[in-house]
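Written below as structure tokens is the structure these notes are about.
Numbering (the UniProt record's numbering), first residue to last: 1 to 64.
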């Protein structure tokens with residue numbers, strides 16, 4: 001699928017979010033990466049095989 005050089009990481013790779021953005025809809029909260037991954041603004045992901053990755057934002061500590 002990817003024609004970039006060097007090629008984008010596949011959807012199954014741990015660094016899949018490093019793929020090029022090919023469609024971006026910030027008003028709807030999502031973008032499509034070159035490897036077929038749909039990346040949501042809450043950091044959740046939908047993979048091309050239909051499986052999902054839950055949001056994985058870093059938690060922010062609360063000051064005492």
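In this text, a Cβ means the ideal position worked out from N, Cα and C, and glycines have one as well.
The model shown is predicted, which means the values in this text are computed figures rather than measured ones.
Of 44, 8, 6 and 17, the smallest CA-CA separation from residue 29 is found for 44. Separation of residue 37 and residue 31 (C-alpha to C-alpha, rounded to the nearest whole angstrom) is 8 angstroms. Annotated three-state conformation of residue 18 is helix, per DSSP. Pairing residue 54 with residue 41 gives a Cβ-Cβ distance that is not under 9 angstroms.
Scanning its chain for C-beta atoms nearer than 7 angstroms, with the 5 sequence neighbours on each side dropped, one finds around residue 21 the residues 31 and 33, in chain order.
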